[in-house]
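Residue numbers (this note's numbering): 10 to 78. A virtual CB, placed ideally from N, CA and C, is assigned to each residue, including glycine. Below is one structure, written out as structure tokens; comments come after it.
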């Protein structure tokens, strides 16, 4: 069993997009002894614009709130 995970944000039906609060993810992981390391990726990372900046902020906040390192 894994003791640490990376949340994927490039798959359909993921917590970030389905409305699952990051605190719920944090609590579920903690209950199972799993640490969140990071969120997968910001894509397309090589195209920086206002939309990407907003996505980066959203991912960083979600990562922080779910307890990611």
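Terminal residues of the continuous beta strand (DSSP E) containing residue 37?
-> Within the chain shown, the letter at position 28 stands for residue 37. Element bounds for residue 37: not the beta strand (DSSP E) but the alpha helix (DSSP H), 31 to 40.
Does the distance from the C-beta atom of residue 48 to that of residue 68 stay below 9 Å?
-> Residue numbering aside, residue 48 sits at position 39 when the chain shown is read from its first letter. Residue numbering aside, residue 68 sits at position 59 when the chain shown is read from its first letter. A contact, by the Cβ cut-off of 9 Å.
What are the start and end residues of the alpha helix (DSSP H) that includes residue 25?
-> Taking the chain shown and counting its residues from 1, the one referred to as residue 25 is at position 16. Start and end: 24 to 27.
May I ask you to report which of helix, strand or coil DSSP gives residue 20?
-> Reading the chain shown from its first residue, position 11 is the one you call residue 20. Looking at residue 20 - three-state DSSP - the assignment turns out to be coil, as it is neither helix nor strand.
State the beta-bridge partners of residue 13 as determined by DSSP.
-> Translated into positions along the chain shown, residue 13 becomes position 4. Its beta-bridge partners are 44.
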